[in-house]
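Each remark here refers to the structure printed beneath this line.
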Amino acid sequence: MKANPITLTYTKNYVDRSREELLEAVRQVMSSKRFTHVRGVEQAALELADRYGADLEMVSIAALLHDYAKEQSDEEMRDMIISENMDLELLQYGNNIWHGPVAAVMAKERFNVEQTSILDAIRHHTVGSVNMDLVEQIIYLADFIEPNRSFKGVDKARALAENSLEEATAFATLLTIKHLIDKKVKIYPKAIETYNAWVVQ
Ligand code: GDP
Ligand code: FE
Ligand code: FE
Numbered sequence: 002m003k004a005n006p007i008t009l010t011y012t013k014n015y016v017d018r019s020r021e022e023l024l025e026a027v028r029q030v031m032s033s034k035r036f037t038h039v040r041g042v043e044q045a046a047l048e049l050a051d052r053y054g055a056d057l058e059m060v061s062i063a064a065l066l067h068d069y070a071k072e073q074s075d076e077e078m079r080d081m082i083i084s085e086n087m088d089l090e091l092l093q094y095g096n097n098i099w100h101g102p103v104a105a106v107m108a109k110e111r112f113n114v115e116q117t118s119i120l121d122a123i124r125h126h127t128v129g130s131v132n133m134d135l136v137e138q139i140i141y142l143a144d145f146i147e148p149n150r151s152f153k154g155v156d157k158a159r160a161l162a163e164n165s166l167e168e169a170t171a172f173a174t175l176l177t178i179k180h181l182i183d184k185k186v187k188i189y190p191k192a193i194e195t196y197n198a199w200v201v202q
């Protein structure tokens, strides 16, 4: 991992403000611990983008906004799921599954993000999806391997990410599903779809 501070200037109007302004807006809606995580995700995501040739601005914006909704109230999120005509099955879950899709809506409404890969990367960062493009895979994986993460398997995921985004994505998906099964929690069907598409040989 590079220790250098990130210097990236947005020029493509994927978002309605500068990177510094976006960082500040994100900082305002979360704990300092979560903000540190978000900055770690951006760092990891930019390294992957550099390695695999993804658009740095798209990746930076998606990373900074991926957990934007995480500290919103359940009531606010429930209202948005209904008003935005999202999958009503979501209502049987909670913050863990809601905050991605809700943050995608907020990225559009509050920051005028319209680029599909950015919005889908935010939307799908927790449970993945069957057809993740380069930016989506990078955010899904960066969330998993960012420097502040420490759990059994994270080093293997980091090593795999050096050589194959697909293999690392499959490994992260397998570990996530195993972890959910070990905890005996309800698995969102889209997480199973991701497993079937990415892990099953
Ligand atoms: P974070 O927002 O940076 O903490 O990370 P994620 O958005 O990737 O995950 C948030 C939480 O959702 C984690 O604790 C995951 O284990 C959990 N999670 C992921 N998929 C599922 C699922 O299908 N069902 C449930 N109940 N939890 C899940
Ligand atoms: Fe998240
Ligand atoms: Fe996250």
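According to the numbering used here, the sequence shown is numbered sequentially starting from 2. Beta carbons: idealized from backbone N, C-alpha and C, even for Gly. Bear in mind the structure is a predicted one, so any value in this text is a computation, not a measurement.
- In the DSSP assignment, LYS191 falls within the alpha helix (DSSP H) that extends over 190-199.
- Secondary structure of PRO6 (DSSP, three-state): coil.
- The stretch 83-114 contains, as complete alpha helix (DSSP H) runs of 4+ residues, the segments 96-112 (chain order).
- ALA108 and VAL16 have their C-alpha atoms spaced approximately 9 Å apart.
- At least one heavy atom of ligand 2 lies less than 6 Å from the C-beta of THR127.
- With a cut-off of 6 Å, the C-beta of ASP121 is classified as distant from ligand 3, since no heavy atom of the ligand falls inside that distance.
- Excluding five sequence positions before and after VAL106, the CB atoms of its chain that fall closer than 7 Å to its own CB belong to MET81, GLU85, given in chain order.
- For the pair of segments examined, the stretch 160-178 was found not to touch the stretch 60-80: the number of CB pairs separated by less than 8 Å stays below three.
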